[in-house]
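Working notes, beginning with the structure itself.
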Ligand code: TXA
Ligand code: MG
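In our numbering, the protein residues as written are 85 to 452.
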């Protein structure tokens, strides 16, 4: 048997056995498969599932043993809280103490969707591991039919971080999840490729109704401005001032990173950008590095790198978002040790794309 039920809950499947995968793409079997996965979640197991952003690794948010298993499977630092996923608005009443008028409007406008609201948690509503001891909880309703049906089948809100090993790029396919976690979890619900490709926007509404962006993501600043009168970025996000820690604890960790070392080259002069990249690649090859380029269509050139990948046009950040994490994994799969990247517009989802790219580069950015 792949997953044995023990007195303390599920034990992970053994390393040499393939992880259980429930196919939720076939209409005739999806319902049965989602019901089985929901049953395992209800009993305290941990199961990965698709959302419209990236795959999540779900656990019953009220079950501390299950939530601890999520942290262990990911190798996630315990001070980084998890987002709680709901399928019905009524579930919110038992999670948070009150909902501000602006929060209510944001939910009406953007749920289900890639927006996480950090709100005051009702004491005892979720395991303290979910909130990492904070008095707030991040909640979202994902816009994916499989995710919504699974939450309903489990019968409880699901705490779910992205289903990658901590520090690795987030998974946008079931295969990515299997790569990172297969021997560590009870199963994966396969719903095909995630849509948006970068995670949800995490926000906190201030007392005066202003919206503070703690993590840029699938819902853009402009979209938030259609509901809120004022939208600000958490100063800790820019990483410019050492003494402002990001308010979303997850944002302080080296994240989303490929194994190779990556540098982003920025500049208005496309020729200068290309020239700098060629120079750097040339030197790296001489040092014996295996080189890669992660660029936008406009930055195409004959770089002579071992691998060259495009994120699409620098003016279509939605396309870049949907490709980014898969590209980072492809660079790893080809054993690339030295990566030169270019940048795109920070408009719209471009803010999230550039945030993740810069994290993947460990903040290494050069302006030419
Ligand atoms: O799109 C997403 O949000 C995906 C899918 C699976 O839903 N989930 C996701 O979870 O990205 P995770 O754990 O990888 O990122 C959660 C982020 C972290 O940066 C964490 O610090 C922040 O949300 N967060 C969660 N609860 C918070 C809280 N109470 N206060 C501040 N930040 C919080
Ligand atoms: Mg994550």
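Idealized CB from N, CA, C, for every residue including glycine.
Rounded separation between residue i and residue j - CA only
| i | j | result |
| --- | --- | --- |
| residue 376 | residue 440 | 18 Å |
| residue 309 | residue 383 | 32 Å |
| residue 379 | residue 446 | 17 Å |
| residue 186 | residue 305 | 15 Å |
| residue 276 | residue 104 | 15 Å |
| residue 307 | residue 294 | 14 Å |
| residue 166 | residue 332 | 10 Å |
| residue 345 | residue 451 | 17 Å |
| residue 449 | residue 350 | 7 Å |
| residue 279 | residue 401 | 13 Å |
| residue 234 | residue 363 | 50 Å |
| residue 200 | residue 180 | 13 Å |
| residue 326 | residue 161 | With a pLDDT of 46 at residue 326, under the threshold of 50, the modelled position of this residue cannot be trusted, and the question is left open. |
| residue 403 | residue 444 | 18 Å |
| residue 398 | residue 428 | 4 Å |
| residue 81 | residue 251 | There is no way to answer for residue 81, as the model of the chain reaches only from 85 to 452. |
| residue 431 | residue 319 | 18 Å |
| residue 190 | residue 360 | 44 Å |
| residue 173 | residue 232 | 12 Å |
| residue 182 | residue 368 | 55 Å |
| residue 291 | residue 176 | 19 Å |
| residue 324 | residue 155 | Confidence at residue 324 is low in this model, with a pLDDT of 46, below 50, so the placement of that residue is unreliable and no value is reported for it. |
| residue 112 | residue 106 | 13 Å |
| residue 204 | residue 117 | 35 Å |
| residue 414 | residue 263 | 12 Å |
Other residues of its chain near residue i: CB distance less than 6 Å, five sequence neighbours each side excluded
| i | result |
| --- | --- |
| residue 343 | 416 |
| residue 193 | 311 |
| residue 153 | 130 |
| residue 435 | 300 |
| residue 102 | none |
| residue 89 | Because the pLDDT at residue 89 is just 48, under 50, the model does not fix this residue reliably, and the point stays unresolved. |
| residue 159 | 249, 250 |
7 Å Cβ shell around residue i - same chain, five flanking residues per side excluded
| i | result |
| --- | --- |
| residue 208 | none |
| residue 236 | 171 |
| residue 373 | 421, 422 |
| residue 317 | 297 |
| residue 424 | 347, 349, 361, 364, 365, 377 |
| residue 110 | none |
Supposed close pair residue i, residue j - CB separation, criterion 8 Å
| i | j | result |
| --- | --- | --- |
| residue 122 | residue 149 | That belief does not hold up - the Cβ atoms of residue 122 and residue 149 are roughly 18 Å apart, past 8 Å. |
| residue 157 | residue 269 | 6 Å |
| residue 221 | residue 210 | 6 Å |
| residue 433 | residue 282 | 7 Å |
Cβ pair residue i, residue j closer than 8 Å
| i | j | result |
| --- | --- | --- |
| residue 394 | residue 381 | yes |
| residue 273 | residue 134 | yes |
| residue 254 | residue 348 | no |
| residue 145 | residue 241 | yes |
| residue 164 | residue 243 | no |
| residue 143 | residue 130 | yes |
| residue 178 | residue 206 | yes |
| residue 437 | residue 390 | no |
| residue 196 | residue 226 | yes |
| residue 214 | residue 138 | no |
| residue 475 | residue 239 | Past the edges of the chain, shown from 85 to 452, lies residue 475, and the structure says nothing about it. |
| residue 141 | residue 265 | yes |
| residue 426 | residue 357 | yes |
| residue 198 | residue 284 | yes |
| residue 387 | residue 365 | yes |
| residue 136 | residue 228 | yes |
| residue 286 | residue 184 | no |
| residue 108 | residue 247 | no |
Spatial neighbours of residue i in its chain, beta-carbon cut-off 8 Å, leaving aside the 5 residues before and after
| i | result |
| --- | --- |
| residue 321 | 297, 298, 299, 300, 330, 335, 439 |
| residue 411 | 378, 393, 395 |
| residue 256 | 138, 139, 277, 278, 281, 406, 409, 410 |
| residue 353 | 452 |
Inset, instruction - Could you tell me which uninterrupted alpha helix (DSSP H) segments, each at least 4 residues in length, are contained entirely in the region 179-267, listed from first to last along the chain? - result: If you keep only unbroken alpha helix (DSSP H) runs of at least 4 residues inside the region 179-267, you get 185-194, 212-215, 229-238, 258-265.
Inset, instruction - For the region 261-309, list the beta strand (DSSP E) runs that are entirely contained and at least 3 residues long, ordered along the chain. - result: Every unbroken stretch of the beta strand (DSSP E) spanning 3 or more residues and falling wholly within the region 261-309 is given here in chain order: 271-274, 285-289, 295-299.
Inset, instruction - Could you pull out every unbroken alpha helix (DSSP H) segment of at least 4 residues lying fully inside the region 110-150, listed in chain order? - result: Taking 4 residues as the shortest admissible run, the region 110-150 contains the following complete alpha helix (DSSP H) segments, listed from N- to C-terminal end: 111-126.
Legend entry - Length at least 4, wholly inside the region 351-406: the alpha helix (DSSP H) runs in chain order: For secondary structure counted as the alpha helix (DSSP H) over 4 or more consecutive residues, the region 351-406 holds these complete runs in sequence order: 354-370.
Inset, instruction - Closer than 6 Å is what we want: which residues have a beta carbon that near any heavy atom of the ligand HEM? List them in chain order. - result: Ligands in the displayed structure: the ligand TXA and the ligand MG; the ligand HEM is not one of them.
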